[in-house]
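Going by our numbering, the letters in the sequence shown line up with residues 789 to 1060, in that order.
Reviewing the structure listed below.
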Amino acid sequence: MTREMAGGQVRLSQLEVEEVHTRHHVCTGVQEVRVPPLTSTSEPPSLFDGTTRLYISYICPYAQRVWITRNYKGLQDKIKLVPIDLQNRPAWYKEKVYPENKVPSLEHNGKVLGESLDLVKYIDDNFEGPSLVPSDPAKKEFGEELISHVDTFTKELYSALKGDPIHQAGPAFDYLENALGKFGDGPFFLGQFSWVDIAYVPFVERFQLVFADVFKHDITEGRPKLATWIEEVNKISAYTQTRADPKEIVDLFKKRFLVLLNSENLVAVGIL
């Protein structure tokens, strides 16, 4: 492989070649076929046989975080995806894999780990591929601040659905708009794509769809940085390959949240 220089062509170093291949894989990765989720009648895989497995649900935003991480780091061949049907989950998952009986979980080196953000960091620290945590101290510190806020962000949005959604959700989206203006070297929270983007994007994806469909509201209105962020993150195949079907997300919202919805009255229950 060569590159153009003022005096002609020179051969790329091995490191540069690897970087090119990594970026190509990250940005243009081959679309995986989504196998049917395992159900209560499904046999378990050959557990603890040395295979690294990521247990997910295709619709779960928490599992999506770890799924994005796996894809972004180019680990599709090293971490096997195992989808679970959460409405009809197999008994062996709780009994033999993860007693918490939720997703995501990661089977690696003879043990099973859980909690989405912990798994994002674990995979980033223990597997090859582009780092998701910047080395710059200021960015690292701000990233930790944003990560510590993500649960507050989601709670504020879910709470807003029980009142005046458009008005009450505004501050949560404004927080993102302001955070996206912190660094000027890229469109993402820390300039370049990082674990912070991974932490937030599954929820922004869902609420953008719900607000547009149910409340006829564009969450990016008056928030140009948020609009650009959504546009740019949708150029990353590691993320787009994990997106749930928009209709399924909206239908799930309506099923779990909406008891009564008309032009004047909304009663919300449950969690998305």
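Glycine residues also receive a C-beta, built at the ideal position from the N, C-alpha and C atoms.
Skipping 5 residues on each side, what residues in its chain have a beta carbon closer than 8 Å to that of N1022?
Cβ within range, chain order: T1028.
Could you give the DSSP three-state label for S947: helix, strand or coil?
It is helical.
Report the rounded CA-to-CA distance for Q864 versus L964, giving the unit in angstroms.
Cα to Cα, the separation comes out at about 30 Å.
Whole-angstrom Cβ separation of P833 and Y846, contact assumed at under 8 Å?
Contact between P833 and Y846 is ruled out by a C-beta separation of about 17 Å, above the 8 Å threshold.
For V821, count neighbouring Cβ atoms within 10 angstroms of its own Cβ and tell me buried if that reaches 16, exposed if not.
Counting the other Cβ atoms within 10 Å of the Cβ of V821 gives fewer than 16, which makes it exposed.
Give a yes or no on whether the minimum CB-CB distance between R858 and chain B is below 7 Å.
Among the protein chains of the structure shown there is no chain B, as only one such chain exists.
On a Cα-Cα basis, can you pick out the residue from P925, P922 and A960 that is closest to H937?
The option with the nearest alpha carbon to H937 is A960.
Out of V992, K899, V1002 and G958, which has the shortest C-alpha to C-alpha gap to G838?
Taking only the C-alpha atoms, the option nearest G838 is K899.
Using the three-state DSSP reduction, which class does L1040 fall into: helix, strand or coil?
Of the three classes helix, strand and coil, the one that applies to L1040 here is helix, per DSSP.
Inspect the beta-carbon positions of N1066 and S830 and report whether they are closer than 7 Å.
No statement about residue 1066 is possible, as the shown extent of the chain runs from 789 to 1060 and does not include it.
For L842, tell me which candidate among G979, S893, T1016 and I911 has the shortest Cα-Cα distance.
Considering only alpha carbons, the answer is S893.
Under the three-state reduction of DSSP, which class applies to Q852: helix, strand or coil?
Helix, per DSSP.
Do you know how far the Cα of K1042 is from the Cα of S947?
Across the structure, S947 and K1042 are spaced so that their CA atoms are roughly 15 Å apart.
Which residue's Cα is closest to the Cα of A967: V984, P953 and P922?
It is V984 whose Cα lies nearest to the Cα of A967.
Within 7 Å, strictly: CB atoms of F1003 and I954
For F1003 and I954, yes; Cβs fall inside 7 Å.
Determine which residues share a DSSP beta bridge with L978 and list them.
Paired residues: Q980.
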